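Asks:
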Amino acid sequence: MAGGQERILRGRIRSVQATKKITRAMELIAASRIVKAQQRVYAAVPYSEIITNVVKDLAAGGSGSESIFMKPREVEKTTCYIAITADRGLCGGYNAGVLRATEGEVKADVVAGKQYAIVPVGRKAESYFKFRGYSLRKGFAGFSDAPRYENAKAIGQYVTDLFVKGEVDRVELVYTRFVSAGTQEVVRRPLIPLERAVVEGGDGKPETGTSAYEFEPSAEDILGSLLPRYVEARVYAALLNAAASEHAFRQRAMKSATDNAEELIKSLSRTMNRARQDSITT
């Protein structure tokens with residue numbers, strides 16, 4: 151009986167050791183991808199800052215004041231939430247944070263008698279909300295760990311069309327912001343219409359135009375062309391932050407799994423050794 155128990159324990163130890171090798175490999179892969187993803191986040195900052203400053207300067211001078219992108223609608227009946235999650239699991243609480251935040255906003259809208267629409271980005275968001283019967287629009291997936299600008303452009307154009315057609319009155323991003331390899335936070339950011347901070351100064355008052363340039367074509371035409379690019383840049387920044395956060399969460403989750411496997415191997419080994427000693431002394 152003791153010999154049979156020893157064989158069972160040896161089999162369990164080998165199984166856990168095999169699992170440990172997998173989780174360790176996934177931990178190392180995620181760790182290497184964090185560095186690349188972090189570099190992409192930082193590399194996108196200059197473009198995002200430049201286009202934001204140009205839009206802010208043009209808008210502060212009064213250009214585009216009548217643009218539908220610049221003015222909140224008098225009655226906001228429907229809010230569109232772009233919920234950005236991963237395509238895969240095994241990343242701890244990464245997906246759960248965004249899903250809970252989005253679901254909380256949706257429930258608040260329902261209680262307030264407002265409508266909502268969810269644009270799921272990532273297979274986890276799509277499957278979660280579809281299973282629970284939420285109102286979904288077009289989903290986007292297949293690129294969560296390495297998004298490209300083309301992905302952001304497709305999402306930006308889609309939600310912009312929804313806004314222009316009047317199907318939604320407000321668009322917000324819900325994603326995980328990458329602060330550092332050890333710190334990430336779920337955030338909700340307004341996307342369309344442009345948030346007040348873009349077109350106002352730091353004191354909350356409208357800025358006066360600071361540019362003495364004459365534009366050809368007109369400043370209004372330039373702003374009209376830049377606004378869609380601004381939306382795309384914001385979406386792209388959110389996707390990059392989400393990707394870096396996903397890798398960070400996965401690295402921690404796999405490290406925890408590897409550590410747990412190591413502890414389990416030690417525990418099983420002690421149990422097996424005791425069983426072997428018992429078989430010798432009896």
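First residue of the sequence shown? That's 151 in this note's numbering, and the numbers climb one at a time after it. Ideal placement from N, C-alpha and C gives every residue a C-beta, glycine not left out. Owing to the predicted nature of the structure, the values given are computational and were not obtained by experimental measurement.
Extract the residue ranges of the beta strand (DSSP E) inside the stretch 259-283, only unbroken runs of 3 or more that lie entirely within it.
Replies: 265-271
Asks: I'd like the list of long-range same chain contacts for residue 147, defined as Cβ closer than 6 Å, with 5 residues on each side in sequence excluded.
Replies: Because the chain here runs from 151 to 432, residue 147 falls outside it and cannot be looked at.
Asks: Alpha carbon to alpha carbon, what distance is there between residue 371 and residue 315?
Replies: Counting from 1 along the sequence shown, the entry for residue 315 is found at position 165. Counting from 1 along the sequence shown, the entry for residue 371 is found at position 221. Using only the alpha carbons, I get a separation of about 20 Å.
Asks: Nearest CA to the CA of residue 324: which residue from 311, 428 and 385?
Replies: Within the sequence shown, numbered from 1, the residue matching residue 324 stands at position 174. Checking every option, the nearest Cα to that of residue 324 belongs to 385.
Asks: The alpha helix (DSSP H) with residue 310 in it runs from where to where?
Replies: By 1-based counting over the sequence shown, the position of residue 310 is 160. Taken as a continuous stretch (DSSP letters only), the alpha helix (DSSP H) holding residue 310 covers 299-314.
Asks: In the DSSP assignment, the beta strand (DSSP E) including residue 217 goes from what residue to what residue?
Replies: The sequence position of residue 217 within the sequence shown is 67, counting from 1. In the DSSP assignment, residue 217 falls outside any beta strand (DSSP E), carrying neither H nor E.
Asks: Can the beta-carbon of residue 238 be found closer than 9 Å to that of residue 294?
Replies: Reading the sequence shown from its first residue, position 88 is the one you call residue 238. Reading the sequence shown from its first residue, position 144 is the one you call residue 294. Yes, they are a contact pair.
Asks: Check whether the stretch 388-396 and the stretch 218-226 are in contact - that is, three or more C-beta pairs closer than 8 Å.
Replies: no
Asks: Tell me the DSSP secondary structure of residue 335 in three-state form.
Replies: Reading the sequence shown from its first residue, position 185 is the one you call residue 335. Residue state, collapsed to three classes: strand.
Asks: Below 8 Å, can you find three or more Cβ-Cβ pairs linking the stretch 186-202 to the stretch 402-420?
Replies: no
Asks: On the DSSP letters alone, give me the boundaries of the beta strand (DSSP E) that residue 235 sits inside.
Replies: As a first step, residue 235 is located in the sequence shown; it is residue number 85 there, counting from the start. Per DSSP, residue 235 belongs to no beta strand (DSSP E) and is neither H nor E.
Asks: Name the residue from 299, 373, 400 and 402 whose alpha carbon lies nearest to the alpha carbon of residue 383.
Replies: If you number the sequence shown from 1, residue 383 lands on position 233. Taking residue 383 as reference, the option from 299, 373, 400 and 402 with the minimal CA-CA separation is 299.
Asks: Should residue 309 and residue 275 be called a contact, given that it needs their Cβ atoms to be closer than 9 Å?
Replies: Stepping through the sequence shown from its first residue, residue 309 is reached at position 159. Stepping through the sequence shown from its first residue, residue 275 is reached at position 125. It is not a contact, given that the beta carbons lie outside the stated cut-off.
Asks: Looking at the structure shown, is residue 293 part of a helix, part of a strand, or coil, going by DSSP?
Replies: Walking along the sequence shown from the start, residue 293 turns up at place 143. Coil.
Asks: Mark residue 318 as exposed unless 16 or more other C-beta atoms lie within 10 angstroms of its C-beta, in which case mark it buried.
Replies: Along the sequence shown, read from residue 1 onward, the residue named residue 318 stands at position 168. The residue in question, residue 318, is buried, as its Cβ has 16 or more Cβ neighbours within 10 Å.
Asks: Straight-line CA distance for residue 284 to residue 271?
Replies: What you label residue 284 is simply residue 134 of the sequence shown in a count that begins at 1. What you label residue 271 is simply residue 121 of the sequence shown in a count that begins at 1. Distance between the alpha carbons of residue 284 and residue 271: 15 Å.
Asks: Which residues share a DSSP beta bridge with residue 399?
Replies: As a first step, residue 399 is located in the sequence shown; it is residue number 249 there, counting from the start. Residue pairing by DSSP places residue 399 opposite no residue, since no beta bridge is assigned to it.
Asks: So if DSSP puts residue 322 in a beta bridge, which residue, or which two residues, is it bridged to?
Replies: On the sequence shown, position 172 is the one that residue 322 refers to. Bridge partners of residue 322: 231 and 340.
Asks: Mapping the DSSP letters down to three states, classify residue 329 as helix, strand or coil.
Replies: Translated into positions along the sequence shown, residue 329 becomes position 179. Three-state DSSP puts residue 329 in a strand.
Asks: Tell me the DSSP bridge mates of residue 286?
Replies: Taking the sequence shown and counting its residues from 1, the one referred to as residue 286 is at position 136. DSSP, once it has assigned bridges, lists 268 as partnering residue 286.
Asks: For residue 195 and residue 263, what's the separation of their Cα atoms in angstroms?
Replies: Mapped onto the sequence shown, residue 195 falls at position 45. Mapped onto the sequence shown, residue 263 falls at position 113. Their backbone Cα atoms lie some 38 Å apart in a straight line.
Asks: Can you have a look at residue 257 and say buried or exposed, based on whether 16 or more other CB atoms are within 10 angstroms of its CB?
Replies: As a first step, residue 257 is located in the sequence shown; it is residue number 107 there, counting from the start. Of the other Cβ atoms in all chains shown, fewer than 16 fall within 10 Å of the Cβ of residue 257; this residue is therefore exposed.
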